[in-house]
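*Asks:*
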Amino acid sequence: MSTPITRYLDLNDMRRLVDTVGLRPMLVAVVEALREDYARWTEFEKCPRTANHHPLGVLELMPTSDQELFSFKFVNGHPKNPALGLCTVMAFGALAKMDTGWPVLLSEMTILTAIRTAATSVLAAQSMARPDSKVMAMIGNGAQSEFQLIAFNEFLGIDTFRLYDVDPLATQKLLRNLSHDRALTLVPCASTAEAVCGADIVTTCTADKAYATILTDAMVQPGMHINGIGGDCPGKTELEASILKRARVVVEFEPQSRIEGEIQQMPANFPVIELWEVLTGKVNGRASAEEVTVFDSVGFSLEDFSALRVVNRLAEEHNIGTPLNLMPLMPDVKDVYGLIQPAAVVS
Ligand code: NAD
11 MSTPITRYLD LNDMRRLVDT VGLRPMLVAV VEALREDYAR WTEFEKCPRT ANHHPLGVLE
71 LMPTSDQELF SFKFVNGHPK NPALGLCTVM AFGALAKMDT GWPVLLSEMT ILTAIRTAAT
131 SVLAAQSMAR PDSKVMAMIG NGAQSEFQLI AFNEFLGIDT FRLYDVDPLA TQKLLRNLSH
191 DRALTLVPCA STAEAVCGAD IVTTCTADKA YATILTDAMV QPGMHINGIG GDCPGKTELE
251 ASILKRARVV VEFEPQSRIE GEIQQMPANF PVIELWEVLT GKVNGRASAE EVTVFDSVGF
311 SLEDFSALRV VNRLAEEHNI GTPLNLMPLM PDVKDVYGLI QPAAVVS
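According to my numbering, the residues represented by the sequence shown are 11 to 357, in order.
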């Protein structure tokens, strides 16, 4: 057996990787991996994530595996963090071999979560939004927003984005980051209602630990696709319940979404479709041009698995990251005691 390594990717390494590969090609690679992995849904060990709650936020662990690899992500959600100079969502994760337990990758996942969330959004929208969609409203212009815009432009040809955030500085930041991109027409708006007006797709990506009503039923027009990604925790929603009643609702993993998604507002027997069913052609993502469709996304461990395996391959190809001295390699593997002796060389 060749000597195994644990590759460590910090924020700088991830920045270098995205810079080397390019954000759009990286999104393409993650969407491809997601499509492959969702197509073999039954091969994965799945469970709702564990969530430890605090009045100000939540800390979550998200594990999954197939027969070859195991992955987990540690992620938080603290909507008041920005006032303290911290991100609302921060994450790291690992990928390990199932046959030996050896971790092959330990990686930052704050950037990677934004990439995989955007990749999952467009994967769903490709089957659920009207094919003639051109305009998207982006409600919540925080950390996830630029990734969403770039992905929707790349995969669905959306070229006009109507922007709204209660914090004008967040919208200014988005404009500063993406105004140079001539493929995108960016239209700042004064309210959610104004932003949603004329939109084919509405992405809600706000952060508030509350049953918020970001999108009211009256704002939703026939044929709209709603990419709801900000409501992802018990007691944290964005859509008025009556929108769900008249829409086709797709979720990632039903047992987790019943607890965390927009559908927590609905009775336990409210009918939903799982994303894998749409992606494998078992169920249609949209029945007619007039139908309202909702992707009630909370983020699922399979998406982190797919993103981590892409990053592991690309980091290896481009020789990015450093070996981490995390797991013991030693001549007598039963001599862990020897590792704590003064003469031990641990490498
Ligand atoms: P963020 O704090 O960086 O951005 C959220 C933005 O929403 C802020 O700029 C805030 O001012 C704005 N906002 C809050 N209330 C609003 C309102 N009523 N109207 C308009 N704007 C409002 O957070 P982020 O990292 O961009 O994440 C946004 C949300 O998405 C969080 O709730 C997070 O938990 C969720 N999220 C979901 C997934 C997923 O897979 N579904 C992945 C990542 C993040």
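Where is the CB? At the ideal position from N, CA and C, for every residue including glycine.
Any idea which residues DSSP pairs R172 with across the strands?
*Replies:* Answer by DSSP bridge pairing, in chain order: A147 and V197.
*Asks:* Is K219 near P89, with beta carbons less than 8 Å apart?
*Replies:* Yes, the pair counts as a contact, with Cβ atoms nearer than the cut-off.
*Asks:* What alpha helix (DSSP H) runs, 4 residues minimum, are completely inside the region 199-277?
*Replies:* Segments of the alpha helix (DSSP H) lying fully in the region 199-277: 202-206, 251-255 and 264-270.
*Asks:* Spell out the partners DSSP gives H63 in its beta bridges.
*Replies:* For H63, which the question treats as bridged, DSSP gives the partners V68.
*Asks:* Evaluate F165 with the Cβ neighbour count: other Cβ atoms within 10 Å of its Cβ, from every protein chain shown; 16 or more gives buried, anything less gives exposed.
*Replies:* Buried, because 16 or more other Cβ atoms sit within 10 Å of the Cβ of F165.
*Asks:* Going along the chain, which residues of its own chain have a beta-carbon closer than 7 Å to the beta-carbon of L159, five neighbours each way excluded?
*Replies:* M148, F171, L188 and L194.
*Asks:* On the DSSP letters alone, give me the boundaries of the alpha helix (DSSP H) that N163 sits inside.
*Replies:* Start and end: S155 to L166.
*Asks:* Find out if the Cβ-Cβ distance for the pair Y221, G245 is shorter than 8 Å.
*Replies:* The answer is yes: Cβ separation under 8 Å.
*Asks:* Which of the three DSSP states, helix, strand or coil, is assigned to D306?
*Replies:* Note: D306 maps to strand in three-state DSSP.
*Asks:* With burial defined as no fewer than 16 other Cβ atoms inside 10 Å of the residue's Cβ, what is the status of S201: buried or exposed?
*Replies:* Exposed, by the Cβ-count rule.
*Asks:* If you draw a straight line from the C-alpha of A128 to the C-alpha of Q154, how long is it?
*Replies:* Approximately 8 Å, taken between the alpha carbons.
*Asks:* Indicate the three-state DSSP secondary structure (helix, strand or coil) for R17 in the structure shown.
*Replies:* Looking at R17 - three-state DSSP - the assignment turns out to be strand.
*Asks:* My output table needs one value for S311: the three-state DSSP class, helix, strand or coil.
*Replies:* It is helical.
*Asks:* For T10, which beta-bridge partners are listed by DSSP?
*Replies:* With the chain covering only 11 through 357, there is no way to say anything about residue 10.
*Asks:* Determine the direct distance from the alpha carbon of L69 to that of A61, and round the result to whole angstroms.
*Replies:* Going from the Cα of A61 to the Cα of L69 covers about 6 Å.
*Asks:* Give me the DSSP bridge partner(s) of F82.
*Replies:* Answer is P73 and A104.
*Asks:* For A39, which residues in the same chain have their Cβ closer than 6 Å to its Cβ, ignoring the five residues on either side in sequence?
*Replies:* Once the five neighbours on either side are set aside, the close Cβ partners of A39 are V320.
*Asks:* Exposed or buried, what is C57 when buried is set at 16 or more other beta-carbons lying within 10 Å of its beta-carbon?
*Replies:* The residue in question, C57, is exposed, as its Cβ has fewer than 16 Cβ neighbours within 10 Å.
*Asks:* For L71 and G331, I'd like the C-alpha separation in whole angstroms.
*Replies:* If you take the alpha carbons of L71 and G331, they lie about 24 Å apart.
*Asks:* Starting from E287, trace the beta strand (DSSP E) in both directions and tell me its first and last residue.
*Replies:* Note, E287: premise wrong, no beta strand (DSSP E); alpha helix (DSSP H) at L285 to L289.
*Asks:* Please determine whether the Cβ atom of Q154 lies at a distance below 7 Å from any heavy atom of the ligand NAD.
*Replies:* Answer for Q154: yes, Cβ within range of the ligand NAD.
*Asks:* Starting from E118, trace the beta strand (DSSP E) in both directions and tell me its first and last residue.
*Replies:* Its beta strand (DSSP E) spans residues P113 to E118.
*Asks:* Cα-Cα, which of C199, E156, F157 and G111 is closest to V176?
*Replies:* For V176, the nearest C-alpha among the options comes from C199.
*Asks:* Taking its Cβ as the centre, do 16 or more other Cβ atoms sit within 10 Å of S12, making it buried, or is it exposed?
*Replies:* Per the 10 Å Cβ criterion, exposed.
*Asks:* For T332, which beta-bridge partners are listed by DSSP?
*Replies:* According to DSSP, T332 bridges with Y18.
*Asks:* Should Y174 be listed as close to the ligand NAD, given that the test is whether its C-beta is under 7 Å from any heavy atom?
*Replies:* Within the cutoff, so yes.
*Asks:* Measuring from the CB of C215, is there a heavy atom of the ligand NAD at a distance below 7 Å?
*Replies:* Yes - the ligand NAD has a heavy atom lying nearer than 7 Å to the Cβ of C215.
*Asks:* Can you look up G95 in the DSSP assignment and give me helix, strand or coil?
*Replies:* Here G95 sits in coil by DSSP.
*Asks:* Taking 8 Å as the cut-off, decide whether the C-beta atoms of L133 and N151 are in contact.
*Replies:* Contact: no.
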